[in-house]
Amino acid sequence: MAWDRKQRRKLSDAGNWAFVSSNLSFLFFIVLAVAIMIVSRAQVGVFDSAREAVNDAAAPVFEMLAQPAGILKRWGQGIDSLLSVYEENQRLREENARLLAKQSEVGELERKVARYEELLKAQTDPSVASVAARVIADASGPFVHTVLINAGHNQGIAKGQAVVDELGLIGRVIASGNRSARILLLTDLNSRIPVMVEGVNLKAILAGDNSVHPALEYLPSGARIPAGARVVTTPDGGVFPPGVPVGVVAGNSRTPRVNLFTGEGRADFVRILSYTAQVDVNRAAPEPLPGAISEQPRKEATTAPPAGAPPSAANVAAPAVQAITSAAPAPVPVAKPKRVKPTAAATKPTVVAPSIPTPSPAATPPTPPTAN
Amino acid sequence: MTIFLQSAIVLIGRALFLSMPFLATAIVMLLAIVPIDLFRGWLPGPEFGVIAAFFWAVYAPNLFPPIAIFSLGLVQDFASGGPTGFWALIYLAVYGFTLSQRVFFIGRSLIGIWLGFAAVATISGIAVWLLASTVYNRWVPPTEIFLQVAITTLVFPLVGPMFLALRRAMTTAPERL
């Protein structure tokens, strides 16, 4: 205590800001932190490789710590369920009876659907491969909701893939290292997911806003969304497989919100879905207007597969779209025909046809993460 | 050769001794991001970096230089997936502010320090809110930020005495500074 008093007197004599102002290293690190922030905002992804390297290096430690944490978590859940074991048992009995009654009905419907698909020659959804992984770190803060999993490039994880637990969608991969990957949860401020409200067949964007109930945005004006309607993913944007359950509509407020199926707590284990859209929606563009003068072939045209090359999956699935795409310029939305300044190559003013209409909000691919 | 080896061991030992506050804080922060799901995902966890920045600025800034605070902030940025440099700047701001007001904290009881921390944590919460809103270019909902401030303030009496014990052990150790 005497030491403290002596120090206090010494500091009083020196003045409040004496230490800070004289400490050049402090000022240096403040400037460095500000510079890093500005650079990371100006050039998105500049620190991604460093971030992934740090996460990869720390992954074994997180993994080691996550195992006893998982046991503790299960004990906690066990105590919880012990307290409500009677009610839970009753509920499960009722649910079991209801599901048994539904089972035969579902089997019959499945056979019917398969028969109709065969008769109509309907194209079935491609099977979606998945990789299971453990959540090893949850460093979510007050405005960033992300978790780290113990699978990365080595296990086939790639940026943009959908992540589900046993109940439904929890988020998507925003960064992947070799042994670890970061998942942006649906509740994060930067999360934007294309979804569809079942029953009314309305497409919307599920937008996270740090609350536990993300909002449904970009719905058609005057759309009536019934409370309790199921919300599932759509393949719009070519990122998510169709029909992955997300949640149910919470209420009839002006901006409808969604009760996520995975709302209670966070998952221990997740599955990462590897889905490839049958049509490359990023490249798909409508046919240019007849008579319109197209732009000079851009760099994209030079990257087209050479003649005789084996057809890609997109070619096989949608040859018509691919044919349009190969001739179309880069998908930049153009509202009006635009006059281009004459160049040495083209002496006359060139009218560029509207290459692609402004995409509807529901068809907009999810916003790239701005968490960095 | 033997003298060289002995000097190296002494140097490494001293470096480890001096970095004990940093290592202790890093371990606490590491344990905080283990997915134990304490609040079932509904509430944000405490921000141990703010506690460390405040505590070491009051009790032993010589044991916790700005580079240590900056490194902890960067580690938190990388671990949380947030904007790079964000927590580094916030921790440094808390550290600098506390250092400037250190004269008011020295010699106070733990309750006094706790109240002081509550004030500093609230100011840091406002700074986090304003900075996050600037970075994301929209008003970030403040509820979770101030919930985290409250949780961090409640956790301070559990972590503070641990750091205090470490600081006492270091200042009474034979290798004391």
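Residue numbers (the working numbering), protein chains in the order written: chain A, 94 to 465; chain B, 734 to 910. Glycine included, each C-beta is placed from N, C-alpha and C at the ideal position. Bear in mind that the values here come from a model prediction, so they are computed numbers and not experimental data.
### Query
Using the beta-carbon count (16 or more within 10 Å), is residue 891/B buried or exposed?
One-based indexing of the second sequence puts residue 891/B at position 158. Label assigned to residue 891/B: exposed.
### Query
Are residue 244/A and residue 224/A touching if we call contact CB-CB under 7 Å?
Walking along the first sequence from the start, residue 244/A turns up at place 151. Walking along the first sequence from the start, residue 224/A turns up at place 131. Yes, these two residues count as a Cβ contact at 7 Å.
### Message
Against chain A, which members of the region 786-801 of chain B pass a CB distance test of less than 7 Å?
### Response
798, 799 and 800
### C-alpha gap between residue 203/A and residue 338/A, whole angstroms
The residue you call residue 203/A lines up with position 110 of the first sequence. The residue you call residue 338/A lines up with position 245 of the first sequence. Cα to Cα, residue 203/A sits roughly 19 Å from residue 338/A.
### Task
Check whether the Cβ of residue 761/B lies closer than 7 Å to any Cβ atom in chain A.
In the second sequence, the residue the question calls residue 761/B occupies position 28. Residue 761/B does not count as touching chain A.
### Task
Out of 290/A, 330/A, 326/A and 131/A, point me to the one whose CA is closest to residue 264/A's CA.
In the first sequence, the residue the question calls residue 264/A occupies position 171. Per the Cα distances, 326/A.
### Query
Any beta-carbon of chain B closer than 7 Å to the one on residue 354/A?
Against the first sequence, residue 354/A aligns to sequence position 261. Judged by the 7 Å Cβ criterion, residue 354/A is not in contact with chain B.
### Task
Buried or exposed for residue 123/A, please, with buried defined as at least 16 other CB atoms from any protein chain shown within 10 angstroms of its CB.
Your numbering for residue 123/A matches position 30 in the first sequence. Under this definition residue 123/A is a buried residue.
#### Entry: Contact with chain B by residue 237/A, beta-carbon distance below 7 Å
As a position in the first sequence, residue 237/A is number 144, starting the count at 1. So, interface residue.
### Message
Does chain B have any CB closer than 7 Å to the CB of residue 440/A?
### Response
For this step, residue 440/A is matched to residue 347 along the first sequence. Its pLDDT being 37, under 50, residue 440/A is placed unreliably in this model, and the value from its coordinates should be taken loosely. Closer than 7 Å: no.
### Message
Determine whether the beta carbon atoms of residue 551/A and residue 149/A lie at a separation below 7 Å.
### Response
Nothing in the structure corresponds to residue 551/A, since chain A is present only between 94 and 465.
### Query
According to DSSP, is residue 338/A helix, strand or coil?
As a position in the first sequence, residue 338/A is number 245, starting the count at 1. Residue state, collapsed to three classes: strand.
### Query
residue 122/A touches chain B at which residues, Cβ-Cβ below 7 Å?
Translated into positions along the first sequence, residue 122/A becomes position 29. Result: 799, 800, 803 and 825.
### Message
Tell me the DSSP secondary structure of residue 176/A in three-state form.
### Response
One-based indexing of the first sequence puts residue 176/A at position 83. The answer is helix: DSSP assigns residue 176/A an H, G or I state.
#### Entry: Proximity below 7 Å, CB of residue 737/B to CB of residue 896/B
One-based indexing of the second sequence puts residue 737/B at position 4. One-based indexing of the second sequence puts residue 896/B at position 163. Going by C-beta atoms, residue 737/B is not nearer than 7 Å to residue 896/B.
### Message
Run through chain A and tell me which residues come within less than 8 Å of residue 806/B, C-beta to C-beta.
### Response
Counting from 1 along the second sequence, the entry for residue 806/B is found at position 73. Chain A residues near residue 806/B: 126.
### Task
Compute the distance between the beta-carbons of residue 300/A and residue 310/A, then report whether it is under 7 Å.
Residue mapping note: residue 300/A aligns to position 207 of the first sequence, counting from 1. Residue mapping note: residue 310/A aligns to position 217 of the first sequence, counting from 1. Contact flag set, yes.
### Task
Write down the C-beta distance between residue 865/B and residue 873/B rounded to the nearest angstrom, noting that I regard them as a contact closer than 8 Å.
Counted from its first residue, the second sequence places residue 865/B at position 132. Counted from its first residue, the second sequence places residue 873/B at position 140. That pair is a contact at about 4 Å.
### Query
Straight-line CA distance for residue 118/A to residue 750/B?
Start at 1 with the first residue of the first sequence, and residue 118/A comes out as number 25. Start at 1 with the first residue of the second sequence, and residue 750/B comes out as number 17. Roughly 22 Å between the two C-alpha positions.
### Message
By DSSP's criteria, residue 285/A is part of a beta bridge. Which residues make up the other side?
### Response
Working through the first sequence from its first residue, we reach residue 285/A at position 192. Its beta-bridge partners are 300/A.
### Message
So that I know if they touch, is there some Cβ in chain A lying closer than 7 Å to that of residue 814/B?
### Response
Here residue 814/B refers to the residue found at position 81 of the second sequence. So, interface residue.
### Task
Tell me, please, whether the CB atom of residue 232/A is closer than 7 Å to any CB atom in chain B?
Translated into the one-based positions of the first sequence, residue 232/A becomes position 139. Yes, contact with chain B.
### Query
Is residue 257/A helix, strand or coil when you go by DSSP?
Counted from its first residue, the first sequence places residue 257/A at position 164. Here residue 257/A sits in strand by DSSP.
### Message
Check for me: the beta strand (DSSP E) holding residue 262/A runs from which residue to which?
### Response
Here residue 262/A refers to the residue found at position 169 when the first sequence is read from its first residue. 262-269 is the span of the beta strand (DSSP E), which, as asked, contains residue 262/A.
### Query
By how many angstroms is the C-alpha of residue 257/A removed from the C-alpha of residue 286/A?
The residue labelled residue 286/A in the question sits at position 193 within the first sequence. The residue labelled residue 257/A in the question sits at position 164 within the first sequence. Approximately 13 Å between the Cα atoms of the pair.
### Query
How far does the beta strand (DSSP E) with residue 362/A in it reach, from first residue to last?
Walking along the first sequence from the start, residue 362/A turns up at place 269. Where residue 362/A is concerned, the enclosing beta strand (DSSP E) stretches over 362-367.
### Query
For the region 775-785 of chain B against the region 814-824 of chain B, are there 3 or more C-beta pairs whose distance is under 8 Å?
yes
### Query
Is residue 898/B close to chain A, meaning its C-beta is less than 7 Å from at least one C-beta of that chain?
The sequence position of residue 898/B within the second sequence is 165, counting from 1. No, because no Cβ of chain A sits closer than 7 Å to the Cβ of residue 898/B.
### Query
Rounded C-beta distance between residue 698/B and residue 134/A? I'm assuming under 8 Å.
Any question about residue 698/B goes unanswered here, given that chain B covers just 734 to 910.
### Query
Using a Cβ cut-off of 7 Å, which residues of the region 157-182 of chain A contact any Cβ in chain B, in chain order?
158, 159, 162, 165 and 166
#### Entry: residue 232/A and residue 766/B closer than 7 Å at C-beta
Here residue 232/A is taken as the residue at index 139 of the first sequence, counted from 1. Here residue 766/B is taken as the residue at index 33 of the second sequence, counted from 1. Cβ distance < 7 Å, so residue 232/A and residue 766/B count as in contact.
### Task
Find out if the Cβ-Cβ distance for the pair residue 837/B, residue 889/B is shorter than 7 Å.
Translated into the one-based positions of the second sequence, residue 837/B becomes position 104. Translated into the one-based positions of the second sequence, residue 889/B becomes position 156. No; because the gap between Cβ atoms is not below 7 Å, this pair is not in contact.
### Message
If I measure Cβ to Cβ from residue 350/A and keep anything under 6 Å in the same chain, skipping five residues before and after, which residues do I get?
### Response
As a position in the first sequence, residue 350/A is number 257, starting the count at 1. If we look at residue 350/A and ignore the five residues flanking it on each side, its Cβ neighbours are 306, 308 and 343.
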